[in-house]
Amino acid sequence: MIKNTSMKPASSASLGVEKPPKSEIVGVPMNARPDPSETQPLLAAAKQHLYANYAQPELVMSHGQGAQLWDTEGRRYVDFFAGIAVSTLGHAHPALVEAISSQAAELIHLSNYFYTAPNLELAQLLCELSGFDRAFFCNSGTEANEAALKLVRRHFFDHGQKERDVILAFENSFHGRTIGSLTATGQPKYRTGFGPIGGVVHVPFGDLEKTRAALSDRVAGILFEPIQGEGGVVPAAPEFLHGLRALCDESGAFLIADEIQTGVGRTGHFLACHRSELRADVVTLAKALGGGVPIGAMLCREKLASALPPGSHGTTFGGNPLASRAALTVLQTLKSEGLLARVVELGQRLQSQLDSLVEKHELLASRRGQGLLQGLVLTDPSVGGSLLSALREAGLLVTFAGGVAIRLTPPLTISDAELDEGLAILDQVLGTFS
Ligand SMILES: *Cc1c(COP(=O)(O)O)cnc(C)c1O
Numbered sequence: 365m366i367k368n369t370s371m372k373p374a375s376s377a378s379l380g381v382e383k384p385p386k387s388e389i390v391g392v393p394m395n396a397r398p399d400p401s402e403t404q405p406l407l408a409a410a411k412q413h414l415y416a417n418y419a420q421p422e423l424v425m426s427h428g429q430g431a432q433l434w435d436t437e438g439r440r441y442v443d444f445f446a447g448i449a450v451s452t453l454g455h456a457h458p459a460l461v462e463a464i465s466s467q468a469a470e471l472i473h474l475s476n477y478f479y480t481a482p483n484l485e486l487a488q489l490l491c492e493l494s495g496f497d498r499a500f501f502c503n504s505g506t507e508a509n510e511a512a513l514k515l516v517r518r519h520f521f522d523h524g525q526k527e528r529d530v531i532l533a534f535e536n537s538f539h540g541r542t543i544g545s546l547t548a549t550g551q552p553k554y555r556t557g558f559g560p561i562g563g564v565v566h567v568p569f570g571d572l573e574k575t576r577a578a579l580s581d582r583v584a585g586i587l588f589e590p591i592q593g594e595g596g597v598v599p600a601a602p603e604f605l606h607g608l609r610a611l612c613d614e615s616g617a618f619l620i621a622d623e624i625q626t627g628v629g630r631t632g633h634f635l636a637c638h639r640s641e642l643r644a645d646v647v648t649l650a651k652a653l654g655g656g657v658p659i660g661a662m663l664c665r666e667k668l669a670s671a672l673p674p675g676s677h678g679t680t681f682g683g684n685p686l687a688s689r690a691a692l693t694v695l696q697t698l699k700s701e702g703l704l705a706r707v708v709e710l711g712q713r714l715q716s717q718l719d720s721l722v723e724k725h726e727l728l729a730s731r732r733g734q735g736l737l738q739g740l741v742l743t744d745p746s747v748g749g750s751l752l753s754a755l756r757e758a759g760l761l762v763t764f765a766g767g768v769a770i771r772l773t774p775p776l777t778i779s780d781a782e783l784d785e786g787l788a789i790l791d792q793v794l795g796t797f798s
């Protein structure tokens with residue numbers, strides 16, 4: 365036991381732990397030398413011991429730099445995937461590497477019993493950038509949505525409207541995989557076999573009249589994505605979003621924007637809602653927020669600040685100093701590197717190049733999306749899987765969303781050269797599919 369009788373905190377030096385010098389903690393990741401001898405034993409471990417709920421290809425990723433990744437065989441990939449729109453600053457960004465390393469040497473975790481500077485500074489900057497007033501922190505997107513759903517239900521419960529517990533959500537939406545968020549998810553394929561929980565009514569995305577028709581005095585909130593990401597990159601029309609705002613104003617229900625995929629700069633605005641000047645009451649963030657370190661956030665207006673009183677909701681890891689410091693660094697870098705403007709510029713370039721690919725290749729029906737969240741809708745979605753594999757083998761990583769669209773979500777820091785290289789691979793591989 366180490367006794368610290370002076371009331372001062374024990375410094376790391378007094379515990380015999382020297383902080384590593386900066387030069388050792390910044391730069392190329394330690395495993396930056398791919399080792400082909402690792403591949404087979406690791407793949408064998410995957411077959412034998414990993415729960416088989418995903419369908420990974422037969423390779424093991426080793427390390428990354430910027431918008432590039434290497435596997436253990438030393439093969440290089442251009443990353444238009446960013447860990448499902450997560451690696452905001454790309455891989456091994458020096459500022460993020462330094463922040464995580466130095467924070468780990470100071471304090472990784474405390475639980476929610478105490479304030480810490482990284483978490484408070486994050487709350488402040490997040491509210492400044494988003495225009496919201498209060499931040500609750502958790503560890504993932506689905507948890508951020510759980511918090512939002514509990515928030516609006518509890519608000520009405522505490523205001524004498526105990527029956528007001530219904531959430532309107534949209535068909536083809538994706539809100540997460542916990543039972544609560546899953547119930548809000550508007551794609552049956554994700555819900556099959558997990559039983560009905562109730563409390564959510566799904567209406568067609570983009571259909572204001574059907575949304576109005578579904579609105580009753582039991583509806584506590586309307587939950588929507590400004591662009592349905594997992595649904596295949598389907599943007600909502602600004603008029604639809606403003607229509608939802610008006611419906612909420614008339615009925616007193618809260619408008620909840622799920623910006624887990626669209627938020628933190630991906631569309632060239634800090635929030636996609638900012639683009640159409642839409643004022644939601646609650647917004648949820650995760651994916652890009654920590655640049656790869658797990659963190660989620662539920663932000664709300666001051667009028668909802670006391671809906672979840674002490675003890676009513678929480679999570680052990682939420683807002684821990686390590687994740688908070690990572691997210692704070694992502695937000696600071698977004699500002700210092702002028703990334704929102706850069707995403708607007710890159711998004712325009714990407715859009716016009718993708719539009720030419722749509723002209724050129726029969727397999728592409730259309731392009732949709734904003735900024736660095738783009739989808740290429742396939743005329744024959746059944747080739748989606750083999751197209752994805754062919755692209756990967758040619759050195760480009762993308763995802764297939766909603767069973768209809770190739771989805772491109774590169775890091776916001778992607779260089780012109782990396783973008784061009786990825787687009788050239790896309791063009792070349794699409795050529796082999798016609
Ligand atoms: C990914 C995603 C979620 C779920 O986030 P997890 O971190 O995987 O729980 C929820 N909503 C949207 C819009 C998403 O894209």
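So for the sequence shown, the working numbering puts the first residue at 365; every next one is plus one.
Every residue gets a Cβ at the ideal spot worked out from N, C-alpha and C, and that includes glycine.
**Study point:** Helix, strand or coil at residue 786 [DSSP, three-state]
**Key:** helix
Practice item. Please decide whether residue 721 counts as near chain B, where near means a Cβ-Cβ distance under 8 Å. Key: Considering every chain present, this structure includes no chain B. It has just one protein chain.
Practice item. Helix, strand or coil for residue 389, going by three-state DSSP, please let me know. Key: Annotation note: pLDDT 36 at residue 389 (below 50); position unreliable, coordinate value reported separately. Here residue 389 sits in helix by DSSP.
Review point. Anyone know if the C-beta pair for residue 740 and residue 718 falls short of 8 Å?
Key: yes
Review point. For residue 648, which residues from the same chain have a beta carbon less than 6 Å from its beta carbon, with the 5 sequence-adjacent residues on both sides left out?
Key: 508, 509, 512, 622, 624 and 662
Check your understanding: Would the stretch 498-507 and the stretch 654-669 be scored as touching if the rule is three or more Cβ pairs under 8 Å?
Key -> yes
Check your understanding: How would you label residue 412, buried or exposed, when you count the other beta carbons within 10 angstroms and need 16 or more for buried?
Key -> exposed
Check your understanding: Can you list, in chain order, the residues of its chain whose CB lies under 6 Å from that of residue 385, leaving out five sequence neighbours each side?
Key -> Caution applies to residue 385, whose pLDDT of 38 falls short of 50 and renders its modelled position unreliable; the value that the coordinates give is listed next. Around residue 385: no qualifying Cβ.
Check your understanding: Cβ-heavy atom distance between residue 594 and ligand 1 below 7 Å?
Key -> yes
Review point. Relative to ligand 1, is the shortest distance from any of its heavy atoms to the C-beta of residue 540 smaller than 7 Å?
Key: yes
Check your understanding: Expressed to the nearest angstrom, what Euclidean distance is found between the alpha-carbon atoms of residue 798 and residue 723?
Key -> 13 Å
Check your understanding: Can you name, in chain order, every residue of its own chain whose Cβ lies under 8 Å from the Cβ of residue 680, other than the five neighbours on each side?
Key -> 475 and 476
Check your understanding: Tell me which same chain residues have a C-beta within less than 8 Å of the C-beta of residue 398, skipping the five on either side of it?
Key -> 426, 427, 434, 435, 436, 437 and 438
Check your understanding: What runs of the alpha helix (DSSP H), each 4 residues or longer, lie entirely inside the stretch 476-535?
Key -> 481-494 and 505-522
Point to revise | Short Cβ contact (8 Å threshold) for residue 645 with residue 611 | key: no
Review point. Terminal residues of the continuous beta strand (DSSP E) containing residue 542?
Key: From DSSP, residue 542 is part of no beta strand (DSSP E); its letter is neither H nor E.
Review point. Taking the beta strand (DSSP E) that residue 708 falls in, what are its first and last residues?
Key: Not the beta strand (DSSP E): residue 708 falls in the alpha helix (DSSP H), residues 703-724.
Check your understanding: What separation, rounded to the nearest whole angstrom, lies between the Cα atoms of residue 637 and residue 699?
Key -> 19 Å
Review point. Within the present structure, is the beta-carbon of residue 625 separated from the nearest heavy atom of ligand 1 by less than 7 Å?
Key: yes
Practice item. Say yes only if the C-beta of residue 506 is nearer than 7 Å to one or more non-hydrogen atoms of ligand 1, and no if none qualify. Key: yes
**Study point:** Through-space distance from residue 607 to residue 583, alpha-carbon basis
**Key:** 16 Å
Review point. Quick one: is the Cβ of residue 417 within less than 7 Å of any heavy atom of ligand 1?
Key: no
Practice item. Sort out for me which residues DSSP pairs residue 618 with in a bridge. Key: 585
Practice item. Inspect the CB distances between the stretch 521-529 and the stretch 567-585 and report whether three or more fall short of 8 Å. Key: yes
Check your understanding: Contact between the stretch 759-767 and the stretch 587-597: three or more CB pairs below 8 Å?
Key -> yes
Review point. Should residue 581 be listed as close to ligand 1, given that the test is whether its C-beta is under 7 Å from any heavy atom?
Key: no
Review point. Thinking C-beta only, is residue 721 closer than 8 Å to residue 774?
Key: no
**Study point:** Selection from 776, 730, 688 and 471 that minimises the alpha carbon distance to residue 716
**Key:** 730
**Study point:** Test item: CB-CB of residue 672 and residue 444 under 8 Å
**Key:** no
Check your understanding: Leaving out the 5 sequence neighbours to the left and right, which residues in its chain are closer than 7 Å to residue 518 when beta-carbon positions are compared?
Key -> 671, 672 and 676
Check your understanding: Within 7 Å: the Cβ of residue 509 and any heavy atom of ligand 1?
Key -> yes
Review point. In this structure, what does DSSP give as the bridge partners for residue 661?
Key: 501 and 649
Practice item. Could you check if residue 481 is buried or exposed, using at least 16 other CB atoms within 10 Å of its CB as the buried criterion? Key: exposed
Check your understanding: Buried or exposed: which applies to residue 688, given that a residue is buried once 16 or more other Cβ atoms fall within 10 Å of its Cβ?
Key -> buried
Point to revise | Chain-order list of residues whose beta-carbon lies under 8 Å from that of residue 472 (same chain, five-residue window excluded) | key: 684, 685 and 686
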